[in-house]
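A quick write-up on the structure given underneath.
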Amino acid sequence: MEFKIVSVPHYLLLVLLLKIALANVPVVSNHNRQISLHVGDRLRLECPIRGSNDPDGDNSHASYLDDGLMSDIIYQWNIQGLPEYAVSMDARFRFLEGGRIVELTQPVTKSDAGIYQCSGVTGFGQKKVIFEVNIADTSDDLLCVKAYPGATDRNQVLCLMNPKLRPDTVMTIDAELGSSVGMSCEAIGREPIKYLWFMGNAVADWISSSQGVRGPNLHIERVGREHIGQYVCQVKNPIGSLNYTYRLTVKEPPSAIPKIIVKVENQTLIAGSSGALSCRVKCSCSEPIIQVSSCISVLSYRSKKWGSGVCVGGEWWG
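Residue numbers for the sequence shown, in mature numbering (1 follows the signal peptide of the UniProt record, and there is no 0): -23 to -1, 1 to 295.
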């Protein structure tokens, strides 16, 4: 019996290997990172990670692909800094669909706010997604507009969730040139809630995308001098509208060139006595090297008088 070895073109082999590698790569679907709830609401989070072999995102968990490769995704949660195995002992939490979904069995309280992280693991990698869960209580002292005095039902109010955003105040942000800055006016109340950011009297769409200026968070990736000014977040819903103002100031970063920050003074000492010299410098560097050089005025042989000049690097120039 004779065996014939058939060679496979390199490009076909690469295509086959690429197909295998992409068969089960974890992919993150579109999702909302910011979750805003009211005390008494229900919390249910779905991990938006799926395998690339599940293009429809229906999370069908077939054990094997047609070619026999594993397609399962292992889901894991970390809730408020606690791993899933620790949280699963708490009867308030329930995990569904192989751990893809987590939900609270009781209405949420303010203590349920925090970071909820899910991860999807396959044989070809891992992806992580972080949810920021914010929980407000309209009975708290928040900046609100209400359908009637004393209203606490979320469908009868519009409230800014951050208690630091107070009426008739302006929050100042001091940013360093070149740094990134974020401003937020997350609100809760009857849906739909609409946001719009202004810089001065104009919509701030030159700073962020159209979607960015129409969301609760305005992000400036790299602060420049042109960003100095006041920013107003306008929030509206069927109950009413709220405005809140931020003031952004920009400060120059410390120079990398050391600068003497104290006045330099001359000292006259008596021969044989002791003295002390001090020098304070400021720069963006760490542990600058300060060198002290000594100079002695030289006698001018032509004029037979002491010369005057400048001491540079231990040498007298005059």
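Every residue gets a Cβ at the ideal spot worked out from N, C-alpha and C, and that includes glycine. Please read all numbers here as calculations on a predicted model, not as lab measurements.
Reference residue i; option with closest CA among the options
i: aspartate 49; options: His15, Leu154, Gly75, Val64; result: Gly75
i: residue 312; options: Gly100, Val158, Ile165; result: Look at the range of the chain in this structure, -23 to 295, and you will see that residue 312 is not part of it.
i: valine 240; options: Ser251, Leu225, Val258, Ile78; result: For the record, residue 240 in the displayed sequence is lysine; it is not valine. Checking every option, the nearest Cα to that of lysine 240 belongs to Val258.
i: valine 134; options: Leu246, Val4, Leu219, Ile237; result: Leu219
i: threonine 82; options: Ile92, Cys95, Ser65; result: Ser65
i: glutamate 203; options: Met176, Glu168, Gly58, Pro193; result: Met176
i: aspartate 145; options: Cys256, Leu254, Thr222; result: Thr222
i: aspartate 151; options: Leu225, Arg71, Leu142, Ala124; result: Leu225
i: leucine 22; options: Tyr62, Ala63, Arg71, Val200; result: Arg71
Close-in-space but distant-in-sequence residues of the same chain around residue i (CB under 6 Å, 5 per side omitted)
i: histidine 8; result: Pro25
i: histidine 196; result: Gly159
i: glutamine 11; result: Glu109
i: isoleucine 170; result: Ala164, Asn214
i: threonine 129; result: Thr115, Ser116
i: leucine 20; result: Leu81, Val85
i: cysteine 95; result: Cys24, Trp54, Val106
Residue i Cβ short of 6 Å to the ligand FAD heavy atom set
i: valine 64; result: This structure simply doesn't include the ligand FAD, nor any ligand for that matter.
Counted within 10 angstroms of its Cβ, other Cβ atoms place residue i as buried (16 or more) or exposed
i: alanine 90; result: buried
i: asparagine 1; result: buried
i: serine 13; result: buried
i: valine 147; result: exposed
i: leucine 246; result: exposed
Own chain, CB closer than 7 Å to residue i, minus 5 neighbours either side, in chain order
i: lysine 87; result: Val16, Ile112, Asp114
i: glycine 166; result: Arg131, Val134, Leu135, Cys136, Asn214, Ile216
i: lysine 281; result: Its pLDDT being 41, under 50, lysine 281 is placed unreliably by the model, and the measurement read from it follows with that caveat. The answer is none, since no qualifying residue turns up.
i: aspartate 18; result: Pro84, Val85
i: isoleucine 92; result: Gln57, Ile107, Glu109
Residue i versus residue j: straight-line alpha-carbon distance, rounded
i: glycine 100; j: isoleucine 51; result: 10 Å
i: glycine 97; j: proline 60; result: 14 Å
i: residue 302; j: arginine 77; result: In the structure as shown, the chain starts at -23 and stops at 295, and residue 302 therefore has no counterpart that could be examined.
i: asparagine 139; j: serine 161; result: 9 Å
i: leucine 119; j: proline 84; result: 21 Å
i: valine 190; j: glutamine 57; result: 30 Å
i: glycine 192; j: leucine 173; result: 7 Å
i: alanine 248; j: serine 255; result: 20 Å
i: histidine 38; j: valine 106; result: Caution applies to histidine 38, whose pLDDT of 43 falls short of 50 and renders its modelled position unreliable; the value that the coordinates give is listed next. Approximately 20 Å, taken between the alpha carbons.
i: leucine 73; j: valine 180; result: 43 Å
i: cysteine 121; j: aspartate 182; result: 26 Å
i: glycine 201; j: glutamine 207; result: 14 Å
i: serine 186; j: valine 209; result: 16 Å
Close Cβ partners of residue i (< 8 Å) along its chain, the five nearest in sequence each way excluded
i: proline 230; result: Glu153, Leu154, Gly155, Ser261
i: valine 4; result: Ile26, Arg27, Gly28, Ser29, Lys104
i: arginine 199; result: Gly155, Ser156, Ser157
i: glutamate 168; result: Asn214
i: glutamine 244; result: Gly252, Leu254
i: arginine 143; result: Leu120
Quiz prompt | Runs of beta strand (DSSP E) lying entirely within the segment 157 to 236, each at least 3 residues, in chain order | solution = For the segment 157 to 236, whole beta strand (DSSP E) runs of length 3 or above, ordered along the chain, are 158 to 161, 164 to 166, 171 to 176, 194 to 197, 206 to 214, 217 to 228.
Practice problem: May I have a chain-ordered list of the beta strand (DSSP E) segments no shorter than 3 residues that lie completely inside the segment 83 to 166? | Solution: Runs found: 91 to 99, 102 to 113, 121 to 123, 134 to 137, 147 to 153, 158 to 161, 164 to 166.
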